[in-house]
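Chains as they are written, first to last, in the numbering used here: chain X, 1 to 173; chain E, 1 to 313.
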């Protein structure tokens, strides 16, 4: 069954962990949760494919886990607080995962954060129709500039490029 | 009578906990964050609250996806720190305050807020990091300075409770506390946020303008904040920035008129904008709180100026 469209699907580069994904991704998240225990981490590392058979996973989900495709895991119902446990099992810092998901090197990602993070300008909406919050914009000292459709991206171009095709595939499902 | 005297907003970034646990607080990157809480530590030492209610969220530690309670109130006598995959944080076990906790549960459920009651629960960095930041070093007796009533809110799975629902729950908590006969000085923490996104290709998003506007409105115009729809939080403050609704429980539990005692904001800690605020209720029966002189006096003077100008105009 096609996933019903939601207003928040318009937010670029974002897979909202909603009730639908929570249901679909139950196996991914419970697998990740199992990695809280050292004995399970060892068993997983010893034979990943075999260990994954213990959980209710679709072939796509299993593949995404084995490939460590973190964005795909989010799309298929994984939640970041859970998938981070898979990253930790591999010995990666969270910043490493963030870099992977955004298509950056860890160094560039760290630099972006030190520089104040990714700007919201140009990153509010895929369609260009999503407007800045009316409730909070008025309270800001200066008027928050509105990102128009096709406004230049301040984010790393790679991130946007990655986000778009995925969203289309998500809609096609 | 028990009374809530102040509300504290604080981010709960896990990396802050790791910096404390690994003795990195003096490194320049982290000192920038920790120095913003020094005044708060002095403030709370002077205040000496009897109980703290801490609104926070669990991050796949005590709750998996087996059970996802929207509001879960900790009524246990103690709450051990959870093993978040690297062993439990080396912080003391958090002592609860079951008599007030169960009183709050009974009162707010009858006020139509259907809480989940937790008589056994572990707590993760979402709660213990703000405690570290605001209480500072744990005393030599190895105990937190006061008992805590944890209120875990689901902000992991969409949809979390709306900002308005959170604000109204805060009000119900205020009513519950004020109907408790023991003479207690209570503080309430709202934790999480501010803007951040840690998932997907848009990870790293920070929106300082949004954060500042949120903090500006929190003291004087919380009803406006309570109307913000979830999509605005996610679009403007990041998918995980939606945690900010938890601050509205804290604000709802305070009186309508409060004084901003202190504020701190810095970017980044790890992937997150760190926000911190202290709001104090005014002493009832007096015009302004005498205790928190700097901010209270400033507000009083500003209010007086406005009145004079209005009269002149």
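Think of the CB as a built atom: it goes at the ideal place given N, C-alpha and C, for glycine as much as any other residue.
Beta carbon of residue 315 (chain E) nearer than 8 Å to that of residue 55 (chain E): Since the first residue shown for chain E is 1 and the last is 313, residue 315 (chain E) is missing from the structure and cannot be characterised.
Hey, could you find the ends of the alpha helix (DSSP H) residue 48 (chain X) is sitting in? Locating residue 48 (chain X) in the first chain gives position 48, counting from the first residue. Under the DSSP assignment, residue 48 (chain X) falls in the alpha helix (DSSP H) whose first and last residues are 48-52.
Does residue 280 (chain E) come out as helix, strand or coil in the three-state DSSP assignment? Taking the second chain and counting its residues from 1, one reaches residue 280 (chain E) at position 280. Collapsing the DSSP output to three states places residue 280 (chain E) in a strand.
I want to verify the contact list: residues of chain E whose CB lies under 8 Å from the CB of residue 124 (chain X), in sequence order. The residue labelled residue 124 (chain X) in the question sits at position 124 within the first chain. What residue 124 (chain X) touches in chain E, judged by beta-carbon distance under 8 Å, is 235, 236, going in chain order.
Residue interval of the alpha helix (DSSP H) (run including residue 29 (chain E)): Within the second chain, the letter at position 29 stands for residue 29 (chain E). Start and end: 28-34.
Let me make sure I understand the geometry here. Which of E:234, E:40, E:187 has the alpha-carbon closest to that of residue 211 (chain E)? Sequence index remark: in the second chain, residue 211 (chain E) carries index 211 (1-based). Here the closest residue by C-alpha is E:234.
Given this structure, state the Cα-to-Cα distance separating residue 34 (chain E) from residue 133 (chain E), to the nearest angstrom. As a working mapping, residue 34 (chain E) is identified with position 34 in the second chain. As a working mapping, residue 133 (chain E) is identified with position 133 in the second chain. Approximately 7 Å between the Cα atoms of the pair.
Check the C-beta distance from residue 265 (chain E) over to residue 275 (chain E) and give it rounded, since I have them as a contact under 8 Å. Start at 1 with the first residue of the second chain, and residue 265 (chain E) comes out as number 265. Start at 1 with the first residue of the second chain, and residue 275 (chain E) comes out as number 275. With a beta-carbon spacing of about 5 Å, residue 265 (chain E) and residue 275 (chain E) fall inside the 8 Å limit used to define contacts.
Got a sec: is the Cβ-Cβ distance from residue 85 (chain X) to anything in chain E below 8 Å? For the purposes of this step, residue 85 (chain X) is identified with residue 85 of the first chain, where counting begins at 1. Chain E places a beta carbon closer than 8 Å to that of residue 85 (chain X), counting this residue as a contact.
Going by beta-carbon coordinates alone, are residue 87 (chain X) and residue 25 (chain X) separated by less than 8 Å? Numbered from 1 along the first chain, position 87 holds the residue referred to as residue 87 (chain X). Numbered from 1 along the first chain, position 25 holds the residue referred to as residue 25 (chain X). For residue 87 (chain X) and residue 25 (chain X), no; Cβs fall outside 8 Å.
Quick one: Cα of residue 163 (chain X) to Cα of residue 82 (chain X), how far? In the first chain, counting from the first residue as 1, residue 163 (chain X) sits at position 163. In the first chain, counting from the first residue as 1, residue 82 (chain X) sits at position 82. Low confidence applies here, because residue 163 (chain X) scores a pLDDT of 42, under 50, leaving its location unreliable; read the following figure in that light. The straight-line gap from Cα to Cα measures roughly 21 Å.
Neighbourhood of residue 122 (chain E) by C-beta distance below 6 Å, restricted to the same chain and skipping five residues each side: In the second chain, residue 122 (chain E) corresponds to position 122, counting from 1. Excluding the 5 residues flanking it on each side, residue 122 (chain E) has same chain C-beta neighbours closer than 6 Å at 62, 80, 82, in chain order.
Going by DSSP, what residues sit across from residue 89 (chain X) in a beta bridge? The sequence position of residue 89 (chain X) within the first chain is 89, counting from 1. Paired residues: none, contrary to the question.
For residue 88 (chain X), return the contacting residues in chain E, with the cut-off set at a CB-CB distance below 8 Å. Numbered from 1 along the first chain, position 88 holds the residue referred to as residue 88 (chain X). The answer, in chain order, is 85, 86.
Would you mind working out which of X:133, X:22, X:116, X:132 sits nearest residue 73 (chain X), comparing C-alpha positions? The sequence position of residue 73 (chain X) within the first chain is 73, counting from 1. Cα-wise, what sits closest to residue 73 (chain X) is X:22.
Threshold first: 3 residues or longer. Then list the beta strand (DSSP E) segments lying entirely within the stretch 64-103 of chain E, N to C. If we require 3 residues or more, the beta strand (DSSP E) runs fully inside the stretch 64-103 of chain E come out as 71-74.
Kindly give me the distance between the Cβ atoms of residue 241 (chain E) and residue 194 (chain E), rounded to whole angstroms, as I take these residues to be in contact under 8 Å. Here residue 241 (chain E) is taken as the residue at index 241 of the second chain, counted from 1. Here residue 194 (chain E) is taken as the residue at index 194 of the second chain, counted from 1. The beta carbons of residue 241 (chain E) and residue 194 (chain E) sit about 7 Å from each other, so the pair counts as a contact at 8 Å.
If we call anything under 8 Å between Cβ atoms a contact, is residue 166 (chain E) one with residue 245 (chain E)? Position 166 of the second chain, counted from the start, is the residue given in the question as residue 166 (chain E). Position 245 of the second chain, counted from the start, is the residue given in the question as residue 245 (chain E). The beta carbons of residue 166 (chain E) and residue 245 (chain E) sit closer together than 8 Å.
Chain X contacts made by the stretch 246-265 of chain E, where a contact means CB separation under 9 Å: Sequence-ordered contacts of the stretch 246-265 of chain E with chain X are nonexistent [C-beta pairs closer than 9 Å].
Excluding sequence positions up to five away, which residues of its chain have a Cβ less than 7 Å from the Cβ of residue 103 (chain E)? Reading the second chain from its first residue, position 103 is the one you call residue 103 (chain E). The beta carbon of residue 103 (chain E) sits closer than 7 Å to the beta carbons of 176, 180 from its chain, once the five residues preceding and following it are set aside; these are given in chain order.
So, does the CB of residue 60 (chain E) fall closer than 8 Å to a CB anywhere in chain X? The residue labelled residue 60 (chain E) in the question sits at position 60 within the second chain. At least one beta carbon of chain X lies nearer than 8 Å to the beta carbon of residue 60 (chain E).
Among X:48, X:75, X:100, which one has its Cα closest to the Cα of residue 60 (chain X)? Numbered from its first residue, the first chain carries residue 60 (chain X) at position 60. Out of X:48, X:75, X:100, the CA that lies nearest to the CA of residue 60 (chain X) is found in X:75.
To the nearest angstrom, how far is it from the Cα of residue 161 (chain E) to the Cα of residue 15 (chain X)? Sequence index remark: in the second chain, residue 161 (chain E) carries index 161 (1-based). Sequence index remark: in the first chain, residue 15 (chain X) carries index 15 (1-based). If you take the alpha carbons of residue 161 (chain E) and residue 15 (chain X), they lie about 19 Å apart.
List, in chain order, every chain E residue whose beta-carbon is nearer than 7 Å to that of residue 22 (chain X). Along the first chain, read from residue 1 onward, the residue named residue 22 (chain X) stands at position 22. For a Cβ distance threshold of 7 Å, residue set 65, 157 of chain E lies close to residue 22 (chain X), ordered along the chain.
Given a threshold of 16 other Cβ atoms within 10 Å of its Cβ, counted over all protein chains shown, does residue 154 (chain E) qualify as buried or as exposed? Here the question's residue 154 (chain E) lines up with position 154 in the second chain. The residue is buried, with at least 16 neighbouring Cβ atoms inside 10 Å.
Would you report the Cα separation of residue 10 (chain E) and residue 30 (chain E), rounded to the nearest angstrom? If you number the second chain from 1, residue 10 (chain E) lands on position 10. If you number the second chain from 1, residue 30 (chain E) lands on position 30. Distance between the alpha carbons of residue 10 (chain E) and residue 30 (chain E): 16 Å.
Look at residue 101 (chain E) and residue 73 (chain E) and say whether their C-beta atoms are less than 8 Å apart. To locate residue 101 (chain E), count along the second chain from 1; it is residue 101. To locate residue 73 (chain E), count along the second chain from 1; it is residue 73. It is a contact, given that the beta carbons lie within the stated cut-off.
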